[in-house]
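Everything on this sheet refers to the single structure shown next.
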Amino acid sequence: PVGGSTKSINVRIVAATNSNLEEAINHGEFREDLYYRLAVLPISIPPLRERADDIPVLAQHFIQKYSDSRDLRLSSSAIKTMQDYSWPGNVRELENLMQRLVILARNNEISKSDLPPHIQLCKKRVKRPSL
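What follows is the structure, encoded as structure tokens:
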């Protein structure tokens, strides 16, 4: 019968959130017992806007992922402009942009003029050190 016997298994759960769970607990929006079950080894990764030095490496990774065997690269002005942008959509926004740029690339170099206007026109932000 279903449920007639038990079997032990060993599992790990990896969960991610962009919410402050401690604050959610304080407001009664997240169960404290569940938090402590999940928070065995918390890893905090700052948003992309705080890791501008990671942008060239991540962008190149996504270019390679979507370009098959084409030898595409970003110009230095494109990289600089991307580092000045705040990336409200975080790494997913960067990945989607790189996929779009690979599809639309006319030659082997992606330049600043290939970036969407809202990124080209962004104001320079204060640089923060990468962690």
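Residue numbers (my numbering): 12 to 142.
Note that the Cβ used here is the ideal one computed from N, Cα and C, for glycine as well.
Which first and last residues belong to the alpha helix (DSSP H) in which residue i is found?
i, result
"Val146", "Because the chain is modelled from 12 through 142, residue 146 falls outside the range shown and cannot be assessed."
"His72", "Ile66 to Tyr77"
"Asp90", "At residue 90 the sequence reads Ile, which differs from the Asp that was named. Ser87 to Asp95 is the span of the alpha helix (DSSP H), which, as asked, contains Ile90."
"Ile36", "Leu32 to Asn37"
"Asp44", "Glu43 to Leu49"
Suppose the cutoff is 7 Å on Cβ atoms and the five residues either side in sequence are ignored; what does the same chain contact list for residue i look like?
i, result
"Leu69", "Val102 and Leu105"
Can you name, in chain order, every residue of its own chain whose Cβ lies under 6 Å from the Cβ of residue i, other than the five neighbours on each side?
i, result
"Ile130", "Tyr96"
Nearest-angstrom Cα distance between residue i and residue j?
i, j, result
"Glu33", "Gly14", "36 Å"
"Ala35", "Lys18", "35 Å"
"Arg23", "Ser16", "22 Å"
"Tyr77", "Arg117", "15 Å"
"Asn119", "Asn107", "19 Å"
Given residue i, which residues of its chain have a CB within under 8 Å of its CB, disregarding the five upstream and five downstream residues?
i, result
"Ile90", "Ile66, Pro67 and Ala70"
Problem - contact_flag[the region 69-88, the region 110-118] where n(CB pairs < 8 Å) is 3 or more - result: Between the region 69-88 and the region 110-118 there are three or more inter-stretch CB-CB distances shorter than 8 Å, so the stretches are counted as touching.
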